[in-house]
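If you read the sequences in order, they're chains P and G.
Here the first sequence stands for residues 2 to 114, where the numbers follow our numbering.
Here the second sequence stands for residues 100 to 213, where the numbers follow our numbering.
Ideal Cβ placement from N, Cα and C applies to all residues, glycine included.
Keep in mind it's a predicted model, so treat the numbers as computed, not measured.
Working notes, structure below.
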Amino acid sequence: AQSVTQLDSHVSVSEGTPVLLRCNYSSSYSPSLFWYVQHPNKGLQLLLKYTSAATLVKGINGFEAEFKKSETSFHLTKPSAHMSDAAEYFCVVSDREDDKIIFGKGTRLHILP
Amino acid sequence: KAGVTQTPRYLIKTRGQQVTLSCSPISGHRSVSWYQQTPGQGLQFLFEYFSETQRNKGNFPGRFSGRQFSNSRSEMNVSTLELGDSALYLCASSFWTDDNYGYTFGSGTRLTVV
Chain P
2 AQSVTQLDSH
12 VSVSEGTPVL
22 LRCNYSSSYS
32 PSLFWYVQHP
42 NKGLQLLLKY
52 TSAATLVKGI
62 NGFEAEFKKS
72 ETSFHLTKPS
82 AHMSDAAEYF
92 CVVSDREDDK
102 IIFGKGTRLH
112 ILP
Chain G
100 KAGVTQTPRY
110 LIKTRGQQVT
120 LSCSPISGHR
130 SVSWYQQTPG
140 QGLQFLFEYF
150 SETQRNKGNF
160 PGRFSGRQFS
170 NSRSEMNVST
180 LELGDSALYL
190 CASSFWTDDN
200 YGYTFGSGTR
210 LTVV
């Protein structure tokens, strides 16, 4: 069975400082992992995805994530936060055997001026 | 390439009524899945359709149903609406190849039950 845990429900960082949003997963098979972002009153936008290729995945808007199988983690990072990054971020796990995708509870990112 | 289109964007219904939401996937995508998003429960999987067949179903009551047409468009129906059905309903269109797959979400339909 799959599951995904986003370790922080809220993260606050100052503009220009690094962002770290943490995600741990469990999956019976080789998982695919995604990060999605949702701005207020908007739908979900794919930031990046891992599907068994390179373990360091680069996404849009300067975000990247590293798949660490030994730690069952897929943390999202960005070197320098921008005000426009304020949104809710969802870590998602899926595997082709199960044909389901599971969302984390989400992490709301606040950017302080 | 057009994205995933969900209609309507907003909907207000009264308790006991029924509602039908529509989702048009990206051209060429054959799988459509539906999710309910609420502040309390987060994002929850409703069901998934592939080639007009329901392939997976989440833990929702039978009041929630769906179908998929031959052109891959999907509809979701909720009967006997309850206040707790107020939510953002998201549809995702997905594709698979041998070495890649992914999901693209629509902007959602925000349903308010009064």
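Query, Result
"Of the residues Leu182/G, Pro124/G, Gly115/G, the one placed nearest Thr104/G, counting alpha carbons only", "Pro124/G"
"Beta-carbon contacts of Ser185/G that lie in its chain and below 7 Å, excluding the five residues immediately before and after", "Leu210, Thr211, Val212"
"Phe104/P at chain B interface by Cβ criterion, 7 Å", "Considering every chain present, this structure includes no chain B. Its protein chains are P and G."
"Spatial neighbours of Thr18/P in its chain, beta-carbon cut-off 8 Å, leaving aside the 5 residues before and after", "Ser81, Ala82"
"For Tyr26/P, the nearest candidate out of Thr108/P, Phe75/P, Phe91/P (CA to CA)", "Phe75/P"
"Cβ-based burial, Pro32/P [other Cβ within 10 Å; buried from 16]", "buried"
"Ser206/G at chain P interface by Cβ criterion, 7 Å", "yes"
"Cutoff 7 Å: Gly17/P Cβ touching any chain G Cβ", "no"
"Coil, strand or helix - Leu182/G by DSSP", "helix"
"Members of the segment 173 to 195 of chain G that neighbour chain P once the beta carbon cut-off is set at 7 Å", "Leu189"
"DSSP state of Ile125/G mapped onto helix, strand, coil", "coil"
"Cutoff 8 Å; reference Gly165/G; Cβ partners in own chain excluding five residues on either side", "Trp133, Leu145, Phe146, Tyr148, Gln153, Ser173, Glu174, Met175, Asn176"
"Beta-ladder partner(s) of Glu67/P, from DSSP", "Leu57/P, His76/P"
"Proximity of Val38/P and Leu48/P at Cβ, strictly below 7 Å", "yes"
"Interface positions of the segment 25 to 59 of chain P facing chain G (Cβ-Cβ less than 9 Å), listed along the chain", "Ser33, Phe35, Tyr37, Gln39, Asn42, Lys43, Gly44, Leu45, Gln46, Leu47, Lys50, Thr52, Ser53, Ala54"
"Sequence-distant residues of the same chain with beta carbon closer than 6 Å to Phe35/P, five excluded per side", "Lys50, Val93"
"Status (buried if at least 16 other CB within 10 Å, exposed otherwise) for Lys70/P", "exposed"
"For Asn25/P, the three-state DSSP class (helix, strand or coil)", "strand"
"Same chain only: Cβ atoms within 8 Å of Glu65/P, ignoring 5 sequence neighbours per side", "Leu49, Leu57, Val58, Lys59, Leu77, Thr78, Lys79"
"Under the three-state DSSP convention, the category Asn155/G falls into", "strand"
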